[in-house]
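These notes concern the structure reproduced below.
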Amino acid sequence: MAYIIGNRNQKTLFPPTVEDYVGTEDPVRAYDAFVEGMDFQEMGLPIISFKAGAYEYHPKPMVKLLIYGYSYGIRSSRKLERACHHNLSFMWLVSGIQPDYRTIARFRKENKEAIRQVLKLNVKLCIKLNLIEGNTLFIDGSKFRANASINNTWDEERCKKYLEMAEKTIDRLMEEVEQIDQEEEDLGSLVKVNKELQDQKKLQEKVREISKQLKETGKEKINSTDSDSVNGKSRQGSHAIMNCQISTDEKHGFIVNSDAVSQNNDLNQFASQVEQSKETLERAPANVVSDAGYFSLDDIDKVPEGVKVIMPSRKQAQKENKKTQVKPFGTEEFHYNKERDEYTCPAGKTLKKHKIAFGDENKIDYKANGKECRSCEHFGVCTTSKKGRHIIRMKENEELKAKLEETYQQEEGQKLYKLRKEKVELPFGHMKRNLGAGQFLLRGKEGVNAELSILSTCFNIARMITIIGIPTLIAKLNSM
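Count along the sequence shown starting at 1, add 35, and that's the number in this note's numbering.
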């Protein structure tokens with residue numbers, strides 16, 4: 036056999052076996068049954084009967100260790116190692132094996148893509164148990180701190196500044212080296228200056244590499260510790276962050292999909308999250324609900340046909356937000372006449388089609404008569420331009436915008452939108468507060484997505500235990 040396998044019935048110095056210490060309704064048994072029923076081949080961790088080389092730990096107890104540990108806020112590989120020695124639930128779960136922290140950290144790091152599949156397998160299981168319907172989904176994002184310091188964020192200006200400083204320091208040190216040589220001073224001084232010189236050259240090389248990455252990626256800023264993280268603000272201040280997106284199901288609030296993106300807002304993420312959720316569910320949802328932070332007509336236009344999008348436009352969101360003051364004479368107060376292709380302002384004046392907006396053929400400029408605007412009683416509030424008020428209209432997406440606003444205002448749209456906070460914000464609160472996962476341990480998108488998959492699965496299992504109950508859940512999992 037190619038794996039190290041434990042034996043729960045192995046006699047110890049304790050009178051009974053470890054099995055006797057774990058009650059029949061202990062939650063750990065539900066986690067054990069869940070992982071035992073997982074398809075490791077589909078996950079990307081095939082169980083190999085015979086394998087050359089040194090023995091390694093079986094993948095099943097290692098996956099159990101990660102999921103169960105994360106479920107109780109134990110994510111550090113050192114703390115997980117300690118739990119395998121001192122915590123009876125962990126000892127029972129992994130059948131007595133005691134991997135060291137390096138082994139745990141290496142397993143997590145080397146199997147990031149496989150670990151990311153855990154949530155998909157969990158969702159498929161929930162569908163079989165009739166816990167997920169997949170008819171209505173709620174999408175939202177939340178900022179989690181990345182495993183990187185904001186002080187390691189670089190832009191072109193900072194690179195240029197540091198390169199100039201390094202160049203000057205190198206020139207000064209070269210002069211010192213030459214002077215020491217000429218004066219034949221103490222060898223220790225020369226060694227010290229040479230070390231300083233090498234350090235400056237290493238810094239110069241590092242900054243040049245960062246500058247090269249900035250040019251190749253086209254990013255304005257990049258973090259040298261985790262290049263996939265971005266700068267973002269939260270209640271705790273500015274940090275290097277990852278924007279975590281989740282889709283939840285209406286029936287019981289289970290997470291259907293999770294995805295970490297390198298963007299400090301939710302714009303242009305909607306269609307991507309719908310597509311990923313569709314792939315997991317193996318069918319498109321009937322309704323998808325999100326807030327105005329996702330409102331991008333070009334992005335929404337990519338959503339599969341037949342999916343009803345319930346999302347307020349930014350103007351609708353501003354009107355509903357009592358803290359936000361709605362500007363008078365906003366575009367929404369101007370009536371568009373489709374047949375005549377013109378706008379009418381609140382004062383009854385006409386804005387006629389003027390020209391295609393410069394640099395974008397999809398934008399049309401509608402302009403009022405400058406003389407009429409200047410003589411209007413609202414001049415100075417509606418517009419301050421002597422040329423008169425103008426409005427930019429999207430040629431193709433204006434109808435889509437009107438349709439979205441109408442769908443949102445309907446009774447069904449309002450009913451589903453009110454459920455959004457309840458269904459999609461609860462999981463983030465659970466992850467950050469209950470599981471203590473406000474900051475990721477792994478770096479890069481792959482690592483963060485692996486951790487996010489585990490955290491999402493932890494939330495789902497907790498919901499399964501609450502809804503079904505431990506004995507019934509174990510029985511159902513064992514019968515599959």
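Glycine residues also receive a C-beta, built at the ideal position from the N, C-alpha and C atoms.
Item                                                                                                                                                               : Value
S124 lies in the alpha helix (DSSP H); which residues open and close that run?                                                                                     : L123 to L128
Determine, using beta-carbon pairs with one atom in the stretch 486-494 and one in the stretch 147-167, whether at least three such pairs fall under 8 Å.          : yes
How big is the Cα-Cα spacing for G169 and L160?                                                                                                                    : 13 Å
Quick one: measure Cβ to Cβ for T283 and V291, integer angstroms, because I've assumed they're closer than 8 Å.                                                    : 6 Å
Under DSSP, the beta strand (DSSP E) around D190 begins and ends at which residues?                                                                                : T188 to D190
Quick check on V242: buried or exposed, where buried means 16 or more other Cβ atoms within 10 Å of its Cβ?                                                        : buried
On the DSSP letters alone, give me the boundaries of the beta strand (DSSP E) that M277 sits inside.                                                               : G272 to D284
Check whether the stretch 502-515 and the stretch 59-74 touch, using three or more Cβ-Cβ pairs below 8 Å as the test.                                              : yes
Return the chain-ordered list of same chain residues with a C-beta closer than 7 Å to the C-beta of M73, the five sequence neighbours on each side being excluded. : L156
Could you pull out every unbroken beta strand (DSSP E) segment of at least 3 residues lying fully inside the stretch 121-186, listed in chain order?               : 171-180
Candidates Q76, Y90, P81 and L128: which alpha carbon is nearest L101's?                                                                                           : L128
Quick one: what's got a C-beta closer than 8 Å to G41's C-beta in the same chain, skipping five residues either side?                                              : P96, V129, S130, G131 and I132
Out of I399, T379 and S106, point me to the one whose CA is closest to K388's CA.                                                                                  : I399
Could you work out which residue in K390, F369 and K373 is closest to K384 when comparing CA atoms only?                                                           : F369
Which residues in the same chain have their Cβ closer than 6 Å to the Cβ of V309, if we skip the five residues on either side of it in sequence?                   : V323 and V338
Return the first residue and the last residue of the alpha helix (DSSP H) that A306 is part of.                                                                    : F305 to L316
Going by Cα to Cα distance, which pick from N495, S124 and L172 is closest to R318?                                                                                : L172
Tell me the rounded alpha-carbon separation between H120 and S84.                                                                                                  : 27 Å
Closer than 8 Å is the cut-off here; do at least three beta carbon pairs connect the stretch 267-283 with the stretch 225-238?                                     : no
Does DSSP classify D234 as helix, strand or coil?                                                                                                                  : helix
Helix, strand or coil: which one does DSSP assign to D74?                                                                                                          : coil
Taking the DSSP output, what are the residues bridged to D400?                                                                                                     : K390 and I427
Just how far apart, CA to CA, sit Y105 and R117?                                                                                                                   : 14 Å
Whole angstroms is fine: what's the gap from K436's alpha carbon to Q445's?                                                                                        : 15 Å
Does the Cβ of Q214 have 16 or more other Cβ atoms within 10 Å, making it buried, or fewer, making it exposed?                                                     : exposed
Measure how close the beta-carbons of K147 and A403 come, nearest whole angstrom, since I'm counting them as under 8 Å.                                            : That belief does not hold up - the Cβ atoms of K147 and A403 are roughly 57 Å apart, past 8 Å.
In the DSSP assignment, what are the bridge partners of E91?                                                                                                       : Y38
How big is the Cα-Cα spacing for D263 and G479?                                                                                                                    : 5 Å
In the structure shown, what three-state DSSP assignment does Y105 receive?                                                                                        : helix
Determine the closest residue to E240 out of E199, K268 and G253, with distance taken between C-alpha atoms.                                                       : E199
Ignore the nearest five residues each way along the sequence and tell me which others in Y136's own chain have a CB closer than 6 Å to its CB.                     : S112, R113 and E116
Closer than 8 Å by C-beta to P347: which residues in its own chain qualify, once you throw out the five before and the five after it? Chain order, please.         : D326, A327, F330, E355, E440, Y443 and Y452
Under 8 Å, do I281 and K236 count as touching if we go by C-beta distance?                                                                                         : no
So if DSSP puts I345 in a beta bridge, which residue, or which two residues, is it bridged to?                                                                     : V324
Start and end of the beta strand (DSSP E) containing Y452?                                                                                                         : Element bounds for Y452: not the beta strand (DSSP E) but the alpha helix (DSSP H), E446 to R455.
Using only the alpha-carbon positions, how far apart do M520 and Y107 sit?                                                                                         : Residue 520 falls outside the range modelled here, since the chain spans only 36 to 515, and no answer is possible.
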